[in-house]
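Okay, so the sequence shown: first residue is 992 according to the working numbering, each after it adds one.
A virtual CB, placed ideally from N, CA and C, is assigned to each residue, including glycine.
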Amino acid sequence: MSQSSSRHLDTKLAHLGLAEFDPQTGAAPVAMPAMRSSTVRFRSLEDLDRAQAAQAAGERRPAYGRGGLDTHAALEQVFCELEQGQYCALVPSGMAAVALGITAFVQHGDHVLVTDSAYAPVRLYDSGLAKRLGIEITYVAPDVASVRAAIRPNTKVLYMESPGSLLMQMLDVPALVAVAKEHNLVTVADNTWGSGYAYRPLELGVDVSVIAATKYVAGHSDLMMGAVVVGDNAALISTVKKTNYALGYSVSADDVWLALRGVRTLSIRMRESAANGLKLAEFLSAQSEVERVFHPALPSDPGHALWKRDATGSNGMLAFSLNVSAEQARRFVNALTLFGIGYSWGGFESLVQYVEPELVNPHSYWNHSTKPLIRLHAGLEHPDDLIADLTQALAIAKTA
Ligand SMILES: *Cc1c(COP(=O)(O)O)cnc(C)c1O
């Protein structure tokens, strides 16, 4: 597959994961076709033997369909480039990536530390599966002193998410990694926010990055997928491969094809979404009804200095608390016409989530304001229209 020597992601995304030229005709399709196949057939047993030997040596040489053929290989290559990793496992959802990213490195009796601003369903993994397997998970404020104090002799993994879910809390990932390394912990980070474009945990020292491709990578709100990307560590790669095999995860070539099509425009979509997100954050900061805005690209955000140091961009996610009653805040959400009421983010469209207090109460970063909290994803609509929509909805919220 052709490799661009450019260091610019925009250029790379147009030239990675291309179909090989046919040796006979010297021609290749510009768009990698969706290679749907449940297995591979070989011309001879010797060819099969060669494929298996290459596989044993660590090469990507499919002999069966579960891991996917060329279409999957192309998207894996893109993920490795985005995250600067050595190995990528594609899995059926972001949550599957989270589960694989933790399960791969623990066994009965082990302990896992999770930063308390992580994606809420991690707690369902904990109560729904980890507990039954005898793996203990505890949640920790994401600062060096708290993490250091929480490490036990049986702690094996530090799981982080930066910026954290809902409030976009920036973590000092290099400092947390340094503590983890002192205790030989495997570090895993959810990088859905950065999606390899705006933030790269592996470059900050993290061992394994998990990404919900469902969000910005796919970019069009039309599929579910996750990726587990591992850095240059043969032992960790082997552990992820084996665990993934045992779990039997497999992703449809059609979904991979859609994700590959979506990711070609990742940088342009994320830049536009981030520009809109910042405009909305600035607008909301200036409104008297708004108590506080959470968005690390905003200079007033407490995480702004870390964001400037560690991130290479931003995205369209922001949250804000409103100086109104819960009933008025619900009226505000219902009055929005361009923001769809719904979970998820990273697609072309703007979305709004009324954040229930139980989702942020476990975050040490949350100031326990009693004011209602709202999360927005700024999509690709014109920012003037999005601001006009927020303006009219705030006016409706204010009426007694
Ligand atoms: C959405 C999301 C996930 C899970 O992704 P799915 O594809 O919906 O399973 C994981 N982490 C974060 C931060 C997310 O926002």
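Using 10 angstroms around the beta-carbon of residue 1096, count the other beta-carbons present and answer buried if the total reaches 16, otherwise exposed. Burial call: buried.
Which same chain residues end up closer than 6 Å to residue 1276 when comparing Cβ atoms and leaving out the 5 residues on each side of it in sequence? Result list for residue 1276: 1284, in chain order.
What would DSSP say about residue 1153, mapped onto helix, strand or coil? In this structure, DSSP gives residue 1153 a state outside helix and strand, which the three-state scheme calls coil.
Tell me, which residues are paired with residue 1313 by DSSP? Under DSSP, residue 1313 forms a beta bridge with 1281.
How far does the beta strand (DSSP E) with residue 1360 in it reach, from first residue to last? Counting along the chain, residue 1360 falls outside any beta strand (DSSP E), and DSSP gives it neither H nor E.
Report yes if the C-beta distance between residue 1055 and residue 1016 is below 8 Å; otherwise report no. Contact: no.
Tell me whether residue 1094 counts as near ligand 1, meaning its Cβ is closer than 7 Å to at least one heavy atom of that ligand. Residue side-chain check: residue 1094 keeps its Cβ at 7 Å or more from all non-hydrogen atoms of ligand 1.
Tell me which residues share the same chain as residue 1070 and place their Cβ nearer than 6 Å to its Cβ, disregarding the 5 neighbours each side in the sequence. Only 1079, 1218 and 1220 meet the Cβ criterion.
Taking residue 1085 as part of the alpha helix (DSSP H), name the residues at either end of that continuous run. Its alpha helix (DSSP H) spans residues 1085-1094.
First and last residue of the alpha helix (DSSP H) that includes residue 1006? Judged by DSSP secondary structure, residue 1006 falls within the alpha helix (DSSP H) whose first and last residues are 1000-1006.
Counting only the same chain and skipping the five closest in sequence on each side, list residues whose C-beta sits under 6 Å from that of residue 1370. Spatial neighbours of residue 1370 in its own chain (CB-CB distance under 6 Å, excluding positions within 5 residues in sequence) are listed in chain order as 1339, 1340 and 1341.
Meets three-Cβ-pair contact criterion under 8 Å: the segment 1177-1184 and the segment 1151-1168: Touching, yes, given that three or more Cβ pairs across the two stretches are closer than 8 Å.
Whether residue 1230 touches residue 1215 by CB criterion (8 Å): Taking 8 Å as the Cβ cut-off, residue 1230 and residue 1215 do not qualify as a contacting pair.
Going by DSSP, which residues form a beta bridge with residue 1116? Paired residue(s): none; residue 1116 is not in a bridge.
If we call anything under 8 Å between Cβ atoms a contact, is residue 1199 one with residue 1250? With respect to residue 1250, residue 1199 sits apart: the two C-beta atoms are not nearer than 8 Å.
What residue does the beta strand (DSSP E) around residue 1102 start on, and which one ends it? Unbroken beta strand (DSSP E) run through residue 1102: 1102-1106.
Is it buried or exposed, residue 1305, if we count other Cβ atoms within 10 angstroms and call 16 or more buried? So residue 1305 ends up on the buried side.
What residues does ligand 1 have around it, judged by CB closer than 7 Å to any heavy atom, in chain order? That gives 1084, 1085, 1086, 1087, 1089, 1110, 1112, 1152, 1156, 1181, 1183, 1184, 1203, 1205, 1206, 1215, 1216, 1217, 1335 and 1336.
In this structure, what does DSSP give as the bridge partners for residue 1126? Paired residues: none, contrary to the question.
Same chain, Cβ closer than 7 Å to residue 1362, neighbours up to 5 away in sequence not counted: Taken in chain order, the residues that qualify are 1282, 1312, 1313 and 1314.
Answer yes if the segment 1368-1385 comes into contact with the segment 1172-1182, meaning at least three C-beta pairs across the two stretches below 8 Å, and no otherwise. Judged by Cβ distances under 8 Å, the segment 1172-1182 makes no contact with the segment 1368-1385, as fewer than three pairs qualify.
If you draw a straight line from the C-alpha of residue 1177 to the C-alpha of residue 1141, how long is it? Going from the Cα of residue 1177 to the Cα of residue 1141 covers about 15 Å.
When you compare only the Cα positions, how much space is there between residue 1191 and residue 1068? C-alpha separation (whole angstroms): 16 Å.
Pick from 1297, 1000 and 1112 that is closest to residue 1085, judged by C-alpha positions: Residue nearest to residue 1085 within the set 1297, 1000 and 1112 is 1112 (criterion: CA-CA distance).
Within this structure, are the beta carbons of residue 1004 and residue 1257 separated by less than 8 Å? Cβ atoms of residue 1004 and residue 1257: closer than 8 Å.
Just reading off the beta strand (DSSP E) that residue 1342 is part of, what are its end residues? 1342-1346 is the span of the beta strand (DSSP E), which, as asked, contains residue 1342.
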